[in-house]
Amino acid sequence: MNMRVRKAVFPAAGLGTRFLPATKAQPKEMLPLVDKPIIQYGVEEALAAGCDQIIIVTGRGKQAIEDHFDVSYELERMLQDRGKTDLLEIVRRISDLIHVAYVRQKEALGLGHAVFTARELVGDEPFAVLLADDVIDANPPCLKQMINVFEKVQCSVIATQIVEGKAISAYGVLDVQPVQGQFDGRLYEIRNMVEKPRLEEAPSNLAIIGRYILTPTVFETLSQTPAGAGGELQLTDGMKLLLKREKMYAYVYEGKRHDTGDKLGFLKATVEFALKRPDLGEAFREYLKNLKL
Numbered sequence: 065m066n067m068r069v070r071k072a073v074f075p076a077a078g079l080g081t082r083f084l085p086a087t088k089a090q091p092k093e094m095l096p097l098v099d100k101p102i103i104q105y106g107v108e109e110a111l112a113a114g115c116d117q118i119i120i121v122t123g124r125g126k127q128a129i130e131d132h133f134d135v136s137y138e139l140e141r142m143l144q145d146r147g148k149t150d151l152l153e154i155v156r157r158i159s160d161l162i163h164v165a166y167v168r169q170k171e172a173l174g175l176g177h178a179v180f181t182a183r184e185l186v187g188d189e190p191f192a193v194l195l196a197d198d199v200i201d202a203n204p205p206c207l208k209q210m211i212n213v214f215e216k217v218q219c220s221v222i223a224t225q226i227v228e229g230k231a232i233s234a235y236g237v238l239d240v241q242p243v244q245g246q247f248d249g250r251l252y253e254i255r256n257m258v259e260k261p262r263l264e265e266a267p268s269n270l271a272i273i274g275r276y277i278l279t280p281t282v283f284e285t286l287s288q289t290p291a292g293a294g295g296e297l298q299l300t301d302g303m304k305l306l307l308k309r310e311k312m313y314a315y316v317y318e319g320k321r322h323d324t325g326d327k328l329g330f331l332k333a334t335v336e337f338a339l340k341r342p343d344l345g346e347a348f349r350e351y352l353k354n355l356k357l
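Under my numbering, the sequence shown is numbered contiguously, ending at residue 357.
So this is what it looks like as structure tokens:
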């Protein structure tokens with residue numbers, strides 16, 4: 065029987081230092097793009113891809129994430145009493161989206177450690193990992209595209225995009241060979257991966273993006289992976305060990321990625337999502353045209 069991807073893991077225990085002081089008292093995952101928290105975009109993507117179990121890895125100061133996806137009886141009653149049915153529907157839709165499980169990462173010891181923390185909740189089945197900072201505007205959703213690939217190959221699948229020039233040094237980079245005749249030339253078999261290489265040492269221009277579908281074997285390889293700098297357990301190191309045991313594939317997804325973990329990327333995403341809104345787009349576009357830039 066073919067394996068199915070039903071669970072999606074969201075590592076959300078990071079401190080968000082790049083957005084201080086805004087993240088001093090609230091999680092960076094709760095920063096809004098227009099009027100929706102960053103993490104909700106990822107959760108909605110996972111649901112649209114067919115994942116019905118959401119696992120969020122949290123840490124200190126992340127209570128707002130749990131509150132956001134929970135029922136707010138007082139707020140709902142106030143909106144109902146005041147006849148604000150449109151807002152009531154929006155609020156209820158959030159809490160009705162999903163049933164979420166939370167697991168605590170007591171120390172921020174790297175992405176690999178965050179994923180490993182979810183081991184008991186994931187169990188012995190393939191699962192998705194979504195980094196909320198990477199908001200991907202795509203139709204069909206990026207994770208849905210990847211699940212379509214996974215259903216065919218039944219192996220781990222990593223999202224990738226082409227990054228030209230020196231910017232490639234900010235990413236994990238893939239050494240790959242094309243898989244001919246499948247998925248319009250967007251599918252590659254992974255031979256190796258290198259974390260943040262210099263431009264002249266990069267094996268390709270294919271960068272790892274914050275979407276993964278992993279087999280449960282990755283938990284075994286993460287348990288065997290030594291910690292790196294600062295005592296952190298890196299997911300890339302665990303995947304390199306996984307690559308020695310199983311085939312892994314990279315898929316060049318269709319869509320536009322916004323790096324909302326970067327201040328400029330966050331601002332760009334806010335503008336682009338606002339312009340796409342039917343209730344805001346036209347007026348906001350006129351405002352931008354009138355700016356003396």
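Every residue gets a Cβ at the ideal spot worked out from N, C-alpha and C, and that includes glycine.
Pair within 8 Å by beta-carbon distance, residue i and residue j
| i | j | result |
| --- | --- | --- |
| residue 252 | residue 314 | yes |
| residue 296 | residue 177 | yes |
| residue 193 | residue 276 | yes |
| residue 233 | residue 270 | no |
| residue 272 | residue 235 | yes |
| residue 175 | residue 290 | no |
| residue 101 | residue 132 | yes |
| residue 119 | residue 110 | no |
The alpha helix (DSSP H) enclosing residue i, as first and last residue numbers
| i | result |
| --- | --- |
| residue 256 | No alpha helix (DSSP H) holds residue 256; the beta strand (DSSP E) holding it covers 251-259. |
| residue 218 | It is not in any alpha helix (DSSP H) - residue 218 carries neither H nor E in the DSSP assignment. |
| residue 128 | 127-132 |
| residue 186 | 183-186 |
| residue 303 | 299-307 |
| residue 345 | 345-354 |
Where the beta strand (DSSP E) through residue i begins and ends
| i | result |
| --- | --- |
| residue 282 | Segment 281-287 is the alpha helix (DSSP H) holding residue 282; no beta strand (DSSP E) there. |
| residue 241 | 236-242 |
| residue 312 | 312-316 |
| residue 320 | 320-323 |
Residues that DSSP places opposite residue i in a beta bridge
| i | result |
| --- | --- |
| residue 337 | Note: residue 337 sits in no beta bridge, so no partner. |
| residue 275 | 194 |
| residue 74 | 120 |
| residue 165 | 119 |
| residue 201 | 320 |
| residue 101 | 96 |
| residue 270 | 226 |
From the options, residue whose alpha carbon lies closest to that of residue i
| i | options | result |
| --- | --- | --- |
| residue 225 | 164, 321, 111 | 321 |
| residue 129 | 107, 187, 111, 139 | 107 |
| residue 378 | 221, 237, 191, 220 | No statement about residue 378 is possible, as the shown extent of the chain runs from 65 to 357 and does not include it. |
| residue 72 | 356, 274, 331 | 274 |
| residue 188 | 279, 81, 172, 78 | 279 |
| residue 22 | 230, 304, 94, 357 | Outside the shown range of the chain, which is 65 to 357, sits residue 22, and nothing can be said about it. |
| residue 171 | 269, 277, 77, 318 | 77 |
| residue 89 | 118, 126, 67 | 126 |
| residue 124 | 166, 214, 210 | 166 |
| residue 113 | 245, 132, 70 | 70 |
| residue 68 | 211, 148, 94 | 211 |
| residue 134 | 164, 151, 150 | 164 |
| residue 268 | 213, 242, 290 | 242 |
| residue 93 | 109, 115, 122 | 122 |
| residue 308 | 284, 213, 229, 96 | 284 |
| residue 115 | 209, 345, 302, 331 | 209 |
| residue 319 | 141, 330, 250 | 250 |
Next on the checklist: Below 8 Å, how does it come out for the stretch 324-338 and the stretch 183-200: are there three or more Cβ pairs, yes or no?
Outcome noted: yes
Item to check | Three CB pairs or more closer than 8 Å across the stretch 177-189 and the stretch 83-90 | outcome: no
Checklist entry - Are the stretch 331-341 and the stretch 202-214 in contact at 8 Å, needing three or more beta carbon pairs? => result no
Checklist entry - Counting pairs of beta carbons, one from the stretch 253-260 and one from the stretch 294-313, are three or more of them closer than 8 Å? => result yes
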